[in-house]
Amino acid sequence: MDALASTATSFPTTHEPIEEIRNTPYFIDNKFVQSSTDKYYDLADPATNNLVTRVPQMTEAEMKAVVESSQKAFLAWKDTTVLFRQQILFRYVQLIKDNWDRLAASITLEQGKTFADAKGDVLRGLQVAEAAVGGPELLKGEVLEVAKDMETRSYREPLGVTASICPFNFPAMIPLWSIPIATVTGNTIIIKPSERDPGAAMILVELAEKAGFPPGVVSVIHGAHDTVNFILDEPSIKAVSFVGGNKAGEYIYSRASANGKRVQANLGAKNHAAVLPDCNKNQFLNAVTGAAFGAAGQRCMALSTLVMVGETKEWLPELAERAKALKVDGGFEDGADLGPVISPQSKERIESLIASAEKEGAKILLDGRGFSPSKYPNGNFIAPTIITDVTTDMTCYKQEIFGPVLVCLNVETLDEAIELINKNEYGNGAAIFTRSGATAETFRRKVEPGQIGINVPIPVPLPMFSFTGNKKSIAGGGANTFYGRPGINFYTQQKTVTALWQSADAVANKASVNMPTLQ
Ligand code: NAD
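Per full-length UniProt numbering: the sequence shown = residues 1 to 519.
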């Protein structure tokens, strides 16, 4: 792994209070600038609730200036060759590797996930940048001789200024789902990080400048709803990428679409696994413990719901033992398996969903409420929690919990498991644990979620494929998915050219008024 070793050295590696609090700047024309606003969002370390920075709700005039810079940059950037853009991306990829630890540390400090897991957050974004250096291949068009002396060619052209509205849970990966693909295809991009943890995005744009992106090609604006509304209504912004929850996402999809923008929007989830008695039990226990509780359950592909088929429900106490053995601690602590959740409000919401399960008749097999690591009494910690005997009418089943909480339902057959999974309105991912190829194949064919794991608990495809959620987990019926070839298609407009090059003596003397027939 030496080639991937981080060379940057100066960044926080503890949850100690920060002596000098600095407001987070925005990024325009390749420069960091402080907002003149008087409205800020306090950002606290989730492990301690100590203040880390303040994130501005930028003024409309500042945001307008960023769009103008981005629009100006587009006019020159779109005329660069894809090979030129590819060279910048090669440097960008290397710089991200060089700053890997620094990016991960920013994530641990602001978002709370463990340092090791934060490195994975960076890696999954880096892989999108690595795939995007294939831009010259991916942008190649098609050509066909469609008639005598006539050919049709296709081109992919950039859209203009684009924007990416990001969630809190993957502060590096999600901006990197957009920056490399938008830029290699010749667009400029404005990132709106989550106001809850913009630090990684700020490092990513600093590195973009170092890699050689010209001023205005990659920019950052900050804020919450007002900033989002600005993006949705700004005519110069041609495409919007959104990742986040359903409430914001459905609103963003419809308002941006109504304003004539292209939108890709990945939303919330409730990912199920069907557990068959013939599976490798030990593999299942480890896979689910990691996938349900890793990142404190704050992953859109967290495996949050188990459908225990037949006697497999008897394995749940063993699962609880493994979950109990996980170390809940500050993300910078050695050996920490999961850190805190993002905010005190989030902790309260998750705990109230656990309480609702108890009230509605489920059993709390493992109760993580009230836990705090001795060194971090003020953090937003919840230890792994397992709720059993859950039914589909319970609140804890119907809502996305987005915390370290696993809900378990019981059925008798594979068909019942498939029916239950398909009745759920979300469709991001589903997994099956079995040793039978035939059973796995039936599951694969019949379930509706868009990303299927066979003995793989979090089946997110690498960027040579696309992120293919389904149903309520993606807006617009799943037509616009992130990264891979569909990502290239999202950020480009197709143009086709049909050309006729006849020799002079082949031109007829009479005009033809009929639609041409294929002869
Ligand atoms: P969120 O929807 O609260 O916030 C996402 C972004 O939208 C933020 O930048 C925020 O400022 C903005 N926003 C929030 N509420 C808004 C509103 N009412 N109007 C306008 N803008 C608004 O999401 P989050 O809590 O940051 O992230 C967690 C959610 O993201 C979960 O539901 C998770 O499943 C989802 N997610 C989905 C994927 C995926 O690929 N499907 C990936 C990661 C996260």
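By construction, the Cβ of each residue, glycine as well, lies at the ideal position given by its N, Cα and C atoms.
Residue i CB to nearest heavy atom of the ligand NAD below 6 Å
i      : result
His222 : no
Pro167 : yes
Thr480 : The amino acid occupying residue 480 in the given sequence is Asn; Thr does not appear at that position. Not so, every heavy atom of the ligand NAD lies at least 6 Å from the Cβ.
Cys300 : yes
Asn23  : no
His225 : yes
Ala440 : no
Ser304 : no
Gly112 : no
Ser343 : no
Asn259 : no
Asn280 : no
Val228 : yes
Gly245 : yes
Ala268 : For the record, residue 268 in the displayed sequence is Gly; it is not Ala. Yes, Cβ of Gly268 sits closer than 6 Å to a heavy atom of the ligand NAD.
Ser194 : yes
Ala73  : no
Gly453 : no
Gly429 : no
Gly469 : yes
Ala248 : yes
Inter-residue CB distance, residue i and residue j (contact presumed, cutoff 8 Å)
i      : j      : result
Ile421 : Val307 : 7 Å
Gly112 : Pro340 : 5 Å
Tyr432 : Leu319 : The residue you asked about is not Tyr; residue 432 is Ile in the sequence shown. Between Leu319 and Ile432 the Cβ distance is about 17 Å, and since that is not below 8 Å, they are no contact.
Arg485 : Ile342 : Actually they are not in contact, since the Cβ atoms of Arg485 and Ile342 sit about 33 Å apart, beyond 8 Å.
Asn266 : Gly469 : 6 Å
Leu409 : Thr385 : Not a contact, Cβ separation roughly 16 Å.
Ile387 : Val411 : At roughly 16 Å, the Cβ-Cβ gap does not stay under 8 Å, so Ile387 and Val411 are not in contact.
Glu360 : Thr395 : 7 Å
Leu316 : Leu365 : 6 Å
Val240 : Val263 : 5 Å
Gly297 : Ile401 : 7 Å
Ile418 : Phe443 : 6 Å
Contact under 7 Å by Cβ, residue i with residue j
i      : j      : result
Leu89  : Ala132 : yes
Ala383 : Gly403 : no
Thr162 : Lys192 : no
Asn271 : Leu303 : yes
Thr188 : Phe74  : yes
Met173 : Asp121 : yes
Val55  : Tyr41  : yes
Pro180 : Ala118 : no
Thr152 : Leu139 : no
Pro459 : Ile452 : yes
Tyr491 : Ala182 : yes
Tyr253 : Ala475 : yes
Thr48  : Gly379 : yes
Leu109 : Pro215 : no
Tyr483 : Trp177 : yes
Ile96  : Leu126 : yes
Pro457 : Val328 : no
Lys363 : Asp389 : yes
Ser219 : Val66  : yes
Ile190 : Ser372 : no
Exercise. Whole alpha helix (DSSP H) runs in the stretch 152 to 234 with 4 or more residues, listed along the chain?
Worked result: List check, alpha helix (DSSP H) in window: 173 to 184, 199 to 211, 225 to 233.
For this session: Mind listing, in chain order, the continuous beta strand (DSSP E) runs of no fewer than 3 residues lying wholly within the stretch 374 to 407?
Result: Listed in chain order, they are 385 to 388.
For this session: Please go through the stretch 110 to 156 and give each complete beta strand (DSSP E) segment of 3 or more residues, from N-terminal end onward.
Result: Counting only unbroken stretches of 3 or more residues, the beta strand (DSSP E) elements lying wholly within the stretch 110 to 156 are 143 to 147, in sequence order.
Problem set entry | Every unbroken beta strand (DSSP E) within the stretch 428 to 493, with a cutoff of 3 residues, ordered by chain | Correct list: 429 to 433, 451 to 454.
Problem set entry | Entirely enclosed beta strand (DSSP E) segments - the stretch 248 to 288, minimum 3 residues | Taking only runs of at least 3 residues, the beta strand (DSSP E) segments lying wholly in the stretch 248 to 288 are 262 to 266, 271 to 275.
Exercise. Curious, which full-length alpha helix (DSSP H) runs of at least 4 residues does the stretch 44 to 82 contain?
Worked result: Every alpha helix (DSSP H) of 4 residues or more that sits fully in the stretch 44 to 82 is shown, in chain order, as 60 to 77.
Problem set entry | Residue ranges of each alpha helix (DSSP H) within the stretch 313 to 353, 4 or longer | List check, alpha helix (DSSP H) in window: 316 to 324.
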